[in-house]
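Residue numbers (the numbering used here), protein chains in the order written: chain B, 1 to 213; chain G, 214 to 1278.
Using N, Cα and C, we set each Cβ at its ideal position, and we do this for glycine too.
Now the structure itself:
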């Protein structure tokens, strides 16, 4: 499947905040959110359309790689976007955001778009972190903020796509050096800027079929 | 609940309604059974079935154990394997789904037993060994993630599922490391993770397998991969024009750092056998042959022939091979120094770091010549002799080196193959004899090359007085020579980084060991340590010169190293000679001279000064961070357009030159103070301890308070009282408990205040309080509209703020002048200002007592009064005190004056000069600012004594200061006449309240004895309002006028220190 650009994303945040569930929810719509099933995956890809262009999002959740310094430092680089996730029902995951952000800022390229995500918004009764707090944190650190629920799929699409839009805008502004793959952006093999992308969104493979039912 | 497609019915019938159930799994199993061959027609069905299986299995793992039992019982994994092995049917499409299912399975499974069952048959290993179509991004991603997920499940129990001791099979590891140089960075990262996860498992037989069967090939390839990367990096540096390859270089450096950290992570796992192999490979395939080798100067063509000849003669070998050896890849010395620094900054593995340091510090040709044993022996000796506390077992290192040192010259052999593009996948199998010959060959070659080139260099360096007849330590010499920054500091910075990194390597190398090696290394009668210190001092001296081409960061590291290497060893004297220390101090003085040229040349000098100080305090030297910046590999540049931080480039433009001068001075000052064991007493200019903080409760009785309403940008309104202190603008609200006290709700520095009137509303001011520091592009601390009761109060506030700002700034400028000991220059701009403000009184003092400390500033008024005669300053002071005593001055105030008395003797020394300066200064004064000031001054003086008769408007803006001048005059006329003083001061003071603020009148009137004299000027005001009189009665009769002008600063301090009695400027 051809695409104009490929954006590499990473997902970061404490364990158990639902990173891999978010990822699966976004990359593979065939997995319907079900109440009594917690299921996730740490890698996925999906095609989206921005500004009439096919853009492939490739997302790497690097859970379990935190033990080694060499791994953490290298993994922030080479991503164009990052989703920084916390769990609105667990305050400590919110408190750790600063550390995550410091790490990300230290190792990533300065243009990386970071989106702050308060996950599990469906569990409002057990909420420990107010939405306003998330908004304030995002404002303070210049992040985009959104509350999502991997379980109800609320805002999941938006979170990933808005991040992509921001990266895309940065490309249009010439901020991102797209010829440098180390920035987490790859130019598609066949697609040219003049060639309008195919209508609709097709999956890159069986597993990444983004079409709705 | 179940929004699955199953509700709508699929192309296949008979499926159970409940998507998540055992029944559904059974149904899916039947599909797998029926569709063992993948074809175009059943592809979609199979993919959907595989996907559903993942879902049901995870659901079963969480809810129903029967699901898993069924899956295992039917051995469904074998169906997976069967499907993926079929060539037909669009492999990627199905394989991606299979891999995703497997990933979901292994990632989400929580039940240990289920996991064991899944792993128990060999299917998982077979799947790993399957050759997928790795050109498909998604297949690659899911596959490597599958391996990573499995590697995270590794422990001493599960290792047996993956590693087969009998067949020596370990597909998880061997398949993964095949992708170690995959173009996709995320894949490489996953490979590193997998390998580290594998090494982590404590299983002897598995580790033995890793070491015996895979370590040599993997590490040699890895090292070669890193080496190739470095050559690319070097090319990038060499071919760079005007920093254009900045981005690329930055990525290459980051990538290299990733490699180094990975190596360090392996070494940190502390697996002895593995570390020995890795150390050997790193040292003898990369660090020594590429990095260290590159420290020796490149052979000049004539000697190339000579060397080749010699080698051919000595070794009886084919000359061609030797020429090839001559073509060993090398990197520029810039890159070599940089890479070595990185090694010492990142890697802490003692054997590796020690060996490398030893080679740099002590490596010489004789050692090369005599073979490997020599290095080892010397190294061992040094370790034992020099680092007594070093208790690690040495066996591993020695074993490693034993095996390894013999290989020293192997690189040359490898290099040949490398040049031809062949990757060596295993350690070369040269016999020991040939190895030795190669060693000798290289040693001889290196020596010959070095000697010729060094000698050439020596000849060129006519300045150098030492004639080096023998170059015992070519590598160390190169490092030290790189410190020469006569032209620029390009090489010097990297050399400093290396020395810093070597001396600060965390635990791999003991600092003392390094130092002692240095001090023991002798070049003739001349220890290397002395040479190093002299080089450092040279850099420092250079940096203090006006046209210096040395970057700030270089200065900072040089100073830091100077401190490190001159740190006195317990029982010894400091390792710095008087001459050396003299050099350092003269460098500081020189930097002070340079800085003086910038004093006042920039309007924002004060802001620059304070900002640089903050920056210096904030930015702790971090060489590791510095070395992550690839920009230091490129020639130093001046333009900020490169995006290089200020300290890492040369200054651009006058403002930056001023900044640089300031910073160099700060750095040198700090270092000198460390040498003298002094504490900084003059910096920062603002003593935070003395400042009013938000929520402080202040005694505002007798303070100038201007009521106002603060309207913020969001239109929120707050009723506040504006108080203007010597340094700060304070907004208070009345204290609920204490009458006349207020709680500070906002404080900001007057020096950062910006006031603007409102065109449409005369009662309104727009006040912005910026945050200190010019480099921070942050929102202002306060930006609001201030509404006053009437336009008079508004004017008053504006005036006070404007004046407060300039006074606060003058005061600090004076402090700076003191700090950098501005001599004759000082009085010309500042003298005319004298007498117009209290702070100017301070500045005038600078003529006489530049060594007065800033902390004594508050007492200046007292000294001022005594300045007509140097000899009697003490007496004067005493008189002042007695005067003040009469005026009910608090005891604390006179106490605070006493420091001035202490300094009065030094003051008096300069007084003669000062008097002269003062006489001629009005004519010297230049610039619009100072001329206007001088006009004010003359007005003030002229009107001083007569002010009460003169028009009250005249001295309006300066009303507060006039008393000072008056006071001084009166004291000059008759020092003992109290009444003269008393009369003069309140009379002029009375202007202040009349125009500025009528609350102030309270204090005026409260000074009842002098009231008659002020009546004339205040005829209008005395009628003004009864409220004033009432206020006077309410307020305790205090030392009103004294506090409000003479003890201006004094009282500020008084308030800060003790009762928080607020005084206005």
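Excluding the 5 residues preceding and the 5 following residue i in the sequence, name in chain order all residues of the same chain whose CB lies nearer than 8 Å to its CB.
i                      : result
residue 976 of chain G : 1000, 1001, 1002, 1003, 1004, 1006, 1007
residue 605 of chain G : Bear in mind that the predicted position of residue 605 of chain G carries a pLDDT of just 30, short of 50, making it unreliable; the figure below should be weighed with that in mind. 563, listed in sequence order.
residue 487 of chain G : 412, 420, 423, 424, 428, 479
residue 426 of chain G : 381
residue 773 of chain G : 713, 834
Quick check: residue i and residue j, are their CB atoms within less than 8 Å of each other?
i                      : j                       : result
residue 316 of chain G : residue 41 of chain B   : yes
residue 776 of chain G : residue 860 of chain G  : no
residue 452 of chain G : residue 565 of chain G  : no
residue 429 of chain G : residue 490 of chain G  : yes
residue 767 of chain G : residue 456 of chain G  : no
residue 150 of chain B : residue 22 of chain B   : yes
residue 550 of chain G : residue 716 of chain G  : no
residue 968 of chain G : residue 1016 of chain G : no
residue 70 of chain B  : residue 471 of chain G  : yes
Among the residues of its own chain, which have a CB less than 6 Å from the CB of residue i, if the five just before and after it don't count?
i                      : result
residue 145 of chain B : 116, 134, 135, 138
residue 273 of chain G : 280, 281
residue 438 of chain G : 394
residue 184 of chain B : 8, 78, 79, 80
residue 322 of chain G : 274, 328
Listing by chain order, which chain B residues have their CB less than 7 Å from the CB of residue i?
i                      : result
residue 475 of chain G : 70
residue 471 of chain G : 70, 73, 74
residue 271 of chain G : 37, 39
residue 264 of chain G : 30
Around the Cβ of residue i, are there at least 16 other Cβ atoms within 10 angstroms (buried) or fewer (exposed)?
i                       : result
residue 350 of chain G  : buried
residue 250 of chain G  : exposed
residue 748 of chain G  : buried
residue 306 of chain G  : buried
residue 396 of chain G  : exposed
residue 1270 of chain G : Bear in mind that the predicted position of residue 1270 of chain G carries a pLDDT of just 44, short of 50, making it unreliable; the figure below should be weighed with that in mind. Under this definition residue 1270 of chain G is an exposed residue.
residue 300 of chain G  : exposed
residue 354 of chain G  : buried
residue 695 of chain G  : buried
residue 253 of chain G  : exposed
Strictly below 8 Å CB to CB, what residues from chain G border residue i?
i                     : result
residue 8 of chain B  : 399
residue 45 of chain B : 350, 351, 354
Please identify the residue among the options whose C-alpha is closest to the C-alpha of residue i.
i                       : options                    : result
residue 997 of chain G  : G:879, G:930, G:882        : G:930
residue 567 of chain G  : G:718, G:806, G:412        : G:718
residue 710 of chain G  : G:445, G:557, G:958        : G:557
residue 827 of chain G  : G:245, G:471, G:897, G:485 : G:897
residue 1031 of chain G : G:805, G:916, G:383, G:956 : G:805
residue 569 of chain G  : G:544, G:447, G:543, G:506 : G:506
residue 574 of chain G  : G:237, G:937, G:552, G:740 : G:740
residue 232 of chain G  : G:983, G:262, G:363        : G:262
residue 128 of chain B  : B:88, B:28, B:5            : B:88
Residues of chain G with CB under 7 Å from residue i, in chain order?
i                      : result
residue 75 of chain B  : 402
residue 123 of chain B : Here the premise fails: no neighbours, minimum Cβ distance about 18 Å.
residue 65 of chain B  : 406
residue 2 of chain B   : Residues of chain G passing the Cβ test: none, with the nearest at roughly 12 Å.
Just to make sure I have the definition right: I need the residues of chain G whose C-beta is within less than 9 Å of the C-beta of residue i. Which are they?
i                      : result
residue 58 of chain B  : 350, 351, 354, 399
residue 177 of chain B : 460
Determine the chain B residues that contact residue i at a beta-carbon separation under 8 Å, and present them in chain order.
i                      : result
residue 275 of chain G : 36, 37, 38
Within a Cβ cutoff of 7 Å, which residues of the same chain sit near residue i, ignoring the five residues on either side of it in sequence?
i                      : result
residue 759 of chain G : 807
residue 13 of chain B  : 19, 84, 85, 86, 93, 100
residue 882 of chain G : 801
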